[in-house]
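*Asks:* Below is one structure. I have some questions about it.
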Amino acid sequence: MDIIKWFGDHVSTLAGKDPVKARRLLLTGYRANTLMLKHTTQNQPSCRGEGAITLMKLMIEALSHPQNAAMVSLFIPCEPLLAAGITPYSVESIAAYLLGTRCETPFQELAAEQGMPETLCSYHRTFFGAATNGLIPPPAFMLYTNLACDGNMITFPALQDQFAIPSFFIDVPCDHTEDAVADVAGQLREMVTFIEDTTHQKIDPAALKKAVRRTRLSQTYYQTALAVSKKRRLPGSVTDEMYTALMGRCMLGSPQALDFFCTMARDISEQPVFTGKRLVWIHLIPNMQPALRQIMNDNPSVCITGLELCYDSILIPADENDPYRSMARRMVYSGYNGPARYRIDNALNVAQTTGADGCVVFAHWGCKETLGATKLMKDALEAAGYPTLILDGDGCCPANTGDGQMATRLQAFLELLEEPS
Amino acid sequence: MITFVCKYTPVELFAGFGVKTTVFDKSADSSSRSDQATHANLCGFGKSLLESALAGEIPELVLVNCCDVMRRAYDVLNTQSCCRFLYLLDLPHTDGPCQIERFARSLTALQKAYAQYSGRPFNTPAFLAAFSDPPQNRAPYVAILGARTGKDLEALIATNCPYPVKNLTCVGNRQLQSPPASCYETDPDALMYGYAQNLLNQIPCRRMADKSGRRSLFLDPALRGIIYHTIQFCDYYTLEYTQAARTVSVPITKIETDYTLHNEGQLRTRIDAFNETLQVQSHFQERNHPMDHKHYFAGIDSGSTSTDAVIIDGYGNLLSTVILSTGGGAKRSADEALDQALDKAHLTGEQLSRVIATGYGRANITIGDEEITEITCHAKGAHYLCPDARTVIDIGGQDSKAIRIDASGAVKNFVMNDKCAAGTGRFLEMMARTLGLSLKALCDQGQKWQKEITISSMCTVFAESEVVSLVAQNIPVPDIIHGLDKAVATKVATLVSRVGGEDTYIITGGVAKNPGVVSAIENRLHTRLFVSDQAQICGALGAARIAAGL
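Those sequence lines, one after another, are chains A and B.
Taking the working numbering, the leading residue of the first sequence gets 854, the next gets one more, and so forth.
Taking the working numbering, the leading residue of the second sequence gets 91, the next gets one more, and so forth.
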């Protein structure tokens, strides 16, 4: 029996009748999973277990203490929240966990019934459906930005109306200039005032400084790990890679993320030399797609060494002596802000840093930001000598993916990389 | 000539250079260039724009970073250098003072870039003369809201509409005041600030953070109806439609396109049905025949799968019904169905006082005094079959619909599935073929299911491969069929939710005869469906009753 499917079915069925009870059941499952992860990850590099457990605990916190949680866009700098002791969670991370629990479909259907277009990013649809159902409780407030996709400008305003909670929006100009940095830094200051007003507590500037320092150190450790990955690999699954991407976004600035990246740098340096093929993965990883899991997990001859999704968050160095401008730079100079060439440059950088043999551009259904750039990315990466696969699929909605087709494409691409050049 | 795509484009600025502007509204016949340069899953407008620009048809193009697709269209065109002047204007998402200031700087940058490119001087009086006050016309009108429409679709909507049509879509409702007179004279920065402020103070599009200003679009006392347009893969507007459909007091319908008229037949049905809700009186005309046994009326429903004919007398008594396959063509099937119905009723064509044609093929058959959409006819027929019905679910061969009706059988609102076959009779036909079963066997075996199976793919092609995979896993066929029935029910439930469905429900169309689907819909909606013996001929019956003035 597929225990996760069985559990997911129970959660979604119960959610249709009593969302609060369904949330309790979900939390019970997640708590049990936290205990289980402590045992099941024992034989893996330490950082893999740390990542899995930290993010599981984050989900538990977000769902069990919503009054102390904030719903955020993936690209919002969360150091002020972490400094204030507030749990930040992104739409994408909650949706990814519901997918991992195999209960995403009923919430996607509910979102469609409520008028959410089926061509919208499935992470956003899943979250919206679960929030509409009541499985996801209203957080204390929400912080969002136009970075990096249109989905933010649809889901957040719709849920603000539905949850009736305060929200703060950061409008990031698309030019990569210091004027834009000053503009966004000003908005971040206003955001901190908003958080203070909403929570009725002051954010200690020293705590914020500490959080930004942790970001800087996390960046350094992650860069070290990436450089080492040119020779060695960190064993793990595609889900582990998603954990890394999530740690490199909303958790950046937390002690847990610092531990995670520090351990990662140590873990990878202790691994034997890897002689297989290295891939840079561009955009989200459809980590629950059977074809991808079957081909990539525990495959001794191929691994993902670089993630474009969080590369820019480590690329722009944090500076605790100028926290606001530093956080603003991370937004303004993000590869996801402005023309596609910035994402392409980041992909090229990470490919060079990690000695990649090829790149996979995941064309996530509904993400027009990425879909529109897929061909440009492929052309630029191949011109630089990196064979590139555009892999169509959907990270959070199996209904939009032909699993057999994905297996064929990915397998054929790996065979292509194996061919002597 | 500057081509632009967004109402926030500073077209008056170009008037200051003595340059004309035109909004891009062409829909492309094919998307081969665009698909090669980007990805197929972009909105049809973006693809049409790319097609034209990549073909070298747009020498000067000013884009606004309205959405992800426009940003990427700019990237592609910039890489391929196919426009002489290509500019992406950064538009803020809010209209606060900092954002206005930033937008003013962006406008100045555009002004400089165009001056440098064109070598033309900027003339402030010409710029100011380009502003015109919005017209103050309080006459009743029908609004097109939502995402932009091409000129062909706008013309199609306006053709039979009983009111003037106003295009108030994202690019259509451009209403701009002149900058305040105090800005005019000496300070170019103040002038640009005033201009930026007025551009941002327009009724917001759905991309803006504060959308509250859009309420005025739905509350105008002169508004008589709304056609709400959405474009596939443009995600900004669908939610607003759903919310509006639940609250507005005027008739509203949604049409979804890929920014082309490739599916004109289905579009026409929706638009005609909407017009019928605006001019109910003309169709449900005064009875001009005495209610007796000597006047006879016929309704013909020319569907994609079957053609149905019904003959009734002046009291509404059913004299004959015929159901034929449409396989031989709409006209031939309609002629044959009517002939057979006349034979069965022992009547001749001359004895028919009025004939109404409905259904997908209604425009292609020559018989009938008038054509009325199947939306209105199904509503009328359903009301007769079940007077308590308030929501009609019609699952036909080509499309499925949810229709909300009032106590008199008049249409209050309706929604139809989009172009794909998911949730229609065609979906079940294709799956029956995949399983090597007849439709009857599909119905029969579907009732013998033991275990819940979920077919997650809605796309017919993916669902087909999912079914093949389940067969390979030796999953019992009845369980697979039950999974397919649930997939149809899921699609129908979405339509019902969007139309604001309420008890009592009636199901019509050929799929009403499939108990597995009916049961799956009942489970999904947590209610019972009324299934009439006459469910399959409901549209033709409604047409006949409208013909009789009943």
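Even glycine gets a Cβ: it sits at the ideal position worked out from N, Cα and C.
How about A/ILE1018: is its C-beta nearer than 9 Å to some C-beta of chain B?
*Replies:* No - not a single Cβ of chain B is within 9 Å of the one on A/ILE1018.
*Asks:* Using CA atoms only, rank isn't needed, just tell me which of B/VAL255, B/GLN540, B/PRO254 and B/GLY284 is closest to B/SER268.
*Replies:* Comparing Cα positions, the closest option is B/GLY284.
*Asks:* Whole angstroms is fine: what's the gap from B/ASN263's alpha carbon to B/ILE316's?
*Replies:* For B/ASN263 and B/ILE316, the distance between alpha carbons rounds to 14 Å.
*Asks:* When the cut-off is 9 Å and only beta carbons count, does A/LEU1079 lie next to chain B?
*Replies:* Cβ-Cβ to chain B under 9 Å: no for A/LEU1079.
*Asks:* Between the C-alpha atoms of A/TYR1195 and B/THR395, what's the straight-line distance to the nearest angstrom?
*Replies:* C-alpha separation (whole angstroms): 52 Å.
*Asks:* To the nearest angstrom, how far is it from the Cα of A/GLN1072 to the Cα of A/ARG955?
*Replies:* So the alpha carbons of these two residues sit roughly 33 Å apart.
*Asks:* Counting beta carbon pairs with one atom in the segment 1107-1125 of chain A and one in the segment 890-906 of chain A, are three or more of them shorter than 8 Å?
*Replies:* Yes: the two stretches touch, three or more of their Cβ pairs being nearer than 8 Å.
*Asks:* For B/PHE387 and B/PRO225, what's the separation of their Cα atoms in angstroms?
*Replies:* Distance between the alpha carbons of B/PHE387 and B/PRO225 is about 48 Å.
*Asks:* At the level of alpha carbons, what is the spacing between B/SER124 and A/ILE1048?
*Replies:* The alpha-carbon atoms of B/SER124 and A/ILE1048 are separated by roughly 44 Å.
*Asks:* Helix or strand or just coil, what does DSSP make of A/THR1051?
*Replies:* Helix at A/THR1051.
*Asks:* From A/THR1030 to B/ASP569, what distance separates their C-alpha atoms?
*Replies:* Straight-line Cα distance between these residues: approximately 59 Å.
*Asks:* Find the residues of chain B that neighbour A/ALA1226, judging by a C-beta separation of less than 7 Å, and give them in chain order.
*Replies:* Chain B residues near A/ALA1226: ARG162 and ASP165.
*Asks:* Mind checking which residues open and close the alpha helix (DSSP H) that includes A/TRP859?
*Replies:* From DSSP, the alpha helix (DSSP H) with A/TRP859 extends over 856-870.
*Asks:* Anyone know if the C-beta pair for B/GLU554 and B/THR524 falls short of 9 Å?
*Replies:* In contact: B/GLU554 and B/THR524 (Cβ atoms closer than 9 Å).
*Asks:* Chain A partners of B/VAL261, CB-CB under 9 Å?
*Replies:* What B/VAL261 touches in chain A: nothing, since even the nearest Cβ is about 17 Å away.
*Asks:* For A/PRO1251, would you say it is in contact with chain B, using Cβ-to-Cβ distances shorter than 9 Å as the test?
*Replies:* So yes, A/PRO1251 belongs to the interface.
*Asks:* What's the C-alpha gap between B/LEU442 and B/GLY458?
*Replies:* Rounded to whole angstroms, B/LEU442 to B/GLY458 spans 10 Å at the Cα level.
*Asks:* Below 8 Å, is the gap between the Cβ of A/ASN1150 and the nearest heavy atom of the ligand ADP?
*Replies:* Within the structure as shown, the ligand ADP is missing, as the structure has no ligands at all.
*Asks:* Using 10 angstroms around the beta-carbon of B/ALA363, count the other beta-carbons present and answer buried if the total reaches 16, otherwise exposed.
*Replies:* The residue is buried, with at least 16 neighbouring Cβ atoms inside 10 Å.
*Asks:* Any idea what DSSP makes of A/PRO941, helix, strand or coil?
*Replies:* Note: A/PRO941 maps to strand in three-state DSSP.
*Asks:* With 16 as the cutoff for other CB atoms within 10 Å, does B/ALA435 come out buried or exposed?
*Replies:* So B/ALA435 counts as buried.
*Asks:* Could you confirm whether any beta carbon from chain A is found closer than 9 Å to the beta carbon of B/ASP593?
*Replies:* Output row for B/ASP593: interface = no.
*Asks:* Please report how far the alpha carbon of A/ASN1140 lies from the alpha carbon of B/ALA194, in whole angstroms.
*Replies:* Distance between the alpha carbons of A/ASN1140 and B/ALA194: 44 Å.
*Asks:* To the nearest angstrom, report how far apart B/ILE413 and B/LEU615 are at their CA atoms.
*Replies:* So the two alpha carbons sit approximately 30 Å from each other.
*Asks:* Sorted by chain position, which residues of the same chain lie with C-beta nearer than 7 Å to A/TYR1239's C-beta, five sequence neighbours on each side aside?
*Replies:* Counting only Cβ-Cβ distances below 7 Å, and skipping sequence neighbours, we find ALA1204, ALA1209, GLY1211 and CYS1212.
*Asks:* A/MET909 to A/ALA1064, Cα distance in whole Å?
*Replies:* If you take the alpha carbons of A/MET909 and A/ALA1064, they lie about 21 Å apart.
*Asks:* Who are the Cβ neighbours of A/ASP1093 in its own chain at under 6 Å, not counting the five residues just before and after it?
*Replies:* So the qualifying residues of the chain are ARG901.
*Asks:* What does DSSP give as the partner residues of A/LEU1244 in its beta bridges?
*Replies:* Note: A/LEU1244 sits in a beta bridge opposite A/PHE1215.
*Asks:* Interface residues of chain D around A/GLY968 at Cβ under 7 Å?
*Replies:* Here chain D cannot be found, since the structure's protein chains are A and B.
*Asks:* Show which residues of chain B have a CB atom less than 9 Å away from the CB atom of A/ASN1152.
*Replies:* What A/ASN1152 touches in chain B: nothing, since even the nearest Cβ is about 23 Å away.
*Asks:* Drop a sphere of 10 angstroms on the beta-carbon of B/ARG228, count the other beta-carbons inside from all chains shown, and report buried for 16 or more, exposed for fewer.
*Replies:* When all chains shown are included, B/ARG228 counts as exposed.
*Asks:* Could you tell me which residues DSSP puts in a beta bridge with B/TYR177?
*Replies:* B/TYR177 is bridged to B/VAL152.
*Asks:* Excluding the five sequence neighbours on either side, which residues of its own chain have a C-beta within less than 6 Å of the C-beta of A/LEU1263, listed in chain order?
*Replies:* Closer than 6 Å at the Cβ level, and outside the excluded window around A/LEU1263, lie ILE1148.
*Asks:* Just the chain B side, please: which residues come within less than 8 Å of A/PRO1026 by C-beta, in chain order?
*Replies:* Chain B residues near A/PRO1026: ASP180, PRO182 and ARG192.
*Asks:* Assuming B/GLU141 and B/ALA163 form a contact by the criterion Cβ under 8 Å, report the distance between their Cβ atoms to the nearest whole angstrom.
*Replies:* With a Cβ gap of about 11 Å, B/GLU141 and B/ALA163 do not count as contacting.
*Asks:* Per the DSSP calculation, A/LYS1130 is bridged to which residue(s)?
*Replies:* Paired residue(s): A/VAL1155.
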